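In this note's numbering, the protein residues as written are 7 to 525. Glycine residues also receive a C-beta, built at the ideal position from the N, C-alpha and C atoms. Here the structure is a predicted model, which means the values were calculated and not measured.
Below, the structure written as structure tokens:
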């Protein structure tokens, strides 16, 4: 049974993994996308809007305590943000802290006394965060959009009073998609730049530094995972949530990633499709695994699914497009890079073959799709992910991002990853505001552990990090997804699901091997 609901659902592990659109004028390389592979992975938690968060322009609220720095007295506090949440007072215990819930709907806190130099990267006046993004690798600036979104957020928050009166400083490093360089970046940012946490990183080389960063106990906050390389570590907090044990040893349960099939059911119910084609690179393990994962999910929902093994070095789609036409394939999923994806569309254009739905990954989730893809493909292109479309300005949280992005990143192509980079900064602010004058790494991770059906103020379908017994746990909260469709008329994306995504009870659950291949 399908249902829409605002505060329920279940996430797919790493649904949005993969490369992204390059700026015009630069040729795109081969981004091997785990995206749809892990497009359906339920090994984490994702859903949508209930709570709005504290207005980042506010000072985070103030509290007065009954006791001062010693003892266990209780205190009350009030939040001062703007937004649409409920307004209630709360209590804090010990340390002179007072906590409350303000009009912004999020928890805020204040401590008795001035800001403190409470942890590495935190002074009375500044918080230092780090970001490792691949910008000058073989894919050019394919991974850059989240960093651009985060940069816009840092400028915006500093222009709106900072975080509890502190300036947010962003230190970045380009690893060039190289694992050795990735480790060097992490070492410099931790040992020399003294970062408090890493935020919104995006690189396929993150496996080079993940063990080192985890060993140093530095939170990796709302990174965008490209592979499974880092998802097993307890200090790694994916922007898409994670319900796996993260014991530092194996990925999820014995290197098995568990997924749910609500995404496939959505297309079956809303577009009437029955026969699917899945394109993958058979000679590249990460793409081959991803393709089989999608095929298994489609079959679990009753689809007739055909896999197409694409030649990575010299992709030719003539035979495959002919076969699609003969079989009556009406929906396509792919786990190939954006450039090869366009070649598929060009072949379909030349042969006059169309489909009802072509489900692409976040690789293609940008404005440039209006010029990069052939006319026969564009009207059928959908993206399934975890966050609300950057085109959906009717959503106040999205509109806030768009306005700031236009101000601080003028002329930069819009992309969904940019919204997610902004979201990472926004959520970090909310978490730090709960700690008032004395934020710590431990406090940040405790805040993350306490999330439940968290929606980032309407930007995400709900996520959390509560460990789930995937092999046995029933889908009590359903399986949700956020889906958008490209529109030539508006030259943007139209949200297809409700603000909470579409959620399904009793969705099939299945697994695939997830051994870390070190990508």
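#1: Would you say residue 327 and residue 281 are within 8 Å of each other, going by their C-beta atoms?
#2: When the Cα of residue 474 is compared with those of 264, 488, 193 and 228, which residue comes out closest?
#3: Taking the C-alpha atoms as reference points, what is the distance between residue 527 and residue 517?
#4: Checking 8 Å against the spacing of the C-beta atoms, do residue 220 and residue 249 come in under that value?
#5: What does the alpha-carbon distance come out to for the pair residue 283 and residue 187?
#6: Are the beta-carbon atoms of residue 120 and residue 132 separated by less than 8 Å?
#7: So, are the CB atoms of residue 469 and residue 457 less than 8 Å apart?
#8: Could you tell me the boundaries of the alpha helix (DSSP H) in which residue 306 lies?
#9: Report the option in 198, 316 and 266 whose CA atom is closest to the CA atom of residue 290.
#10: Indicate whether residue 344 and residue 369 have their beta-carbon atoms separated by less than 8 Å.
#11: Can you look up residue 217 in the DSSP assignment and give me helix, strand or coil?
#12: Does DSSP classify residue 473 as helix, strand or coil?
#13: Look up residue 129 in the DSSP assignment and say whether it is helix, strand or coil.
#14: Once the 5 residues before and after residue 216 are set aside, which same chain residues still bring their CB inside 8 Å of it?
#15: Can you tell me where the alpha helix (DSSP H) with residue 531 in it begins and where it stops?
#16: According to the Cβ coordinates, are residue 126 and residue 228 closer than 8 Å?
#17: Could you pull out every residue in the same chain whose Cβ sits closer than 7 Å to the Cβ of residue 179, ignoring the five residues on either side in sequence?
#18: Just to confirm before moving on: does the CB-CB distance between residue 311 and residue 209 stay below 8 Å?
#19: For the alpha helix (DSSP H) that contains residue 375, what are its first and last residues?
#20: Output yes or no for whether 8 Å exceeds the beta carbon distance between residue 170 and residue 437.
#21: Under 8 Å, do residue 431 and residue 160 count as touching if we go by C-beta distance?
#22: Give me the Cα-Cα distance between residue 332 and residue 325, rounded to the nearest whole angstrom.
#23: Look at the Cβ atom of residue 425, then the Cβ atom of residue 404, and state whether they are nearer than 8 Å.
#24: Run through the region 369 to 428 for me and flag every whole beta strand (DSSP E) of 3 or more residues, listed as ranges in chain order.
#25: Quick check on DSSP: helix, strand or coil for residue 212?
#26: Rounded to whole angstroms, what is the Cα-Cα separation between residue 269 and residue 278?
#27: Quick one: residues in its chain with C-beta nearer than 6 Å to the C-beta of residue 157, no 5 flanking neighbours on either side, listed in chain order?
#28: So, helix, strand or coil for residue 250, using DSSP?
#29: Determine whether the beta carbon atoms of residue 379 and residue 387 lie at a separation below 8 Å.
#30: Could you compute how far the alpha carbon of residue 445 sits from the alpha carbon of residue 128?
#31: Could you check how far apart the C-beta atoms of residue 330 and residue 359 are, in whole angstroms? I think they sit under 8 Å.
#32: So residue 498 packs on residue 409, CB below 8 Å; how close in whole Å?
#33: Over what stretch of residues does the beta strand (DSSP E) that includes residue 179 continue unbroken?
#34: Got a sec? Which residues, its chain only, sit under 8 Å from residue 306 by beta carbon, not counting five neighbours each side?
#35: Less than 8 Å between the C-beta atoms of residue 510 and residue 485, yes or no?
#36: Ignore the nearest five residues each way along the sequence and tell me which others in residue 335's own chain have a CB closer than 6 Å to its CB.
Considering the structure as presented:
#1: The beta carbons of residue 327 and residue 281 sit no closer together than 8 Å.
#2: The residue among 264, 488, 193 and 228 with its C-alpha nearest the C-alpha of residue 474 is 264.
#3: It is not possible to answer for residue 527, since the shown part of the chain is limited to 7 through 525.
#4: The answer is no: Cβ separation not under 8 Å.
#5: Taking the straight line joining both Cα atoms gives about 38 Å.
#6: Not closer than 8 Å, so no.
#7: Contact: yes.
#8: It spans 291 to 306 - the alpha helix (DSSP H) in which residue 306 sits, taken as one unbroken run.
#9: The candidate whose alpha carbon is nearest that of residue 290 is 316.
#10: A contact, by the Cβ cut-off of 8 Å.
#11: In the displayed model, residue 217 falls within a helix according to three-state DSSP.
#12: Residue 473 carries a coil assignment under DSSP once its states are collapsed to helix, strand and coil.
#13: Coil.
#14: If you ignore the 5 residues before and after residue 216, its C-beta comes within less than 8 Å of the C-beta of 226, 235, 236, 239 and 242, all in its own chain and listed in chain order.
#15: No information on residue 531 is available, as it lies outside the stretch 7 to 525 that the chain covers here.
#16: Taking 8 Å as the Cβ cut-off, residue 126 and residue 228 do not qualify as a contacting pair.
#17: Here the set comprises 138, 191, 194 and 195.
#18: Taking the C-beta atoms as reference points, residue 209 is found no nearer than 8 Å to residue 311.
#19: Here the alpha helix (DSSP H) through residue 375 covers 375 to 378.
#20: Residue 437 sits away from residue 170, with the two beta carbons spaced by 8 Å or more.
#21: The answer is yes: Cβ separation under 8 Å.
#22: Their backbone Cα atoms lie some 11 Å apart in a straight line.
#23: Taking 8 Å as the cut-off, the Cβ atoms of residue 425 and residue 404 count as close.
#24: Within the region 369 to 428, the complete beta strand (DSSP E) runs of at least 3 residues are 387 to 391.
#25: In the structure shown, the three-state DSSP call for residue 212 is helix.
#26: Rounded to whole angstroms, the separation of the alpha carbons of residue 278 and residue 269 is 13 Å.
#27: Closer than 6 Å at the Cβ level, and outside the excluded window around residue 157, lies no residue.
#28: Under the three-state reduction of DSSP, residue 250 is assigned to coil, being neither helix nor strand.
#29: Contact: yes.
#30: Looking at the two C-alpha atoms, the distance is approximately 8 Å.
#31: Correct: roughly 6 Å between the Cβ atoms.
#32: Going by Cβ atoms, the distance from residue 498 to residue 409 rounds to 16 Å, so no, they are not a contact pair.
#33: Unbroken beta strand (DSSP E) run through residue 179: 173 to 180.
#34: If you ignore the 5 residues before and after residue 306, its C-beta comes within less than 8 Å of the C-beta of 267, 270, 514 and 516, all in its own chain and listed in chain order.
#35: Yes, they are a contact pair.
#36: The answer, listed in chain order, is 281 and 283.
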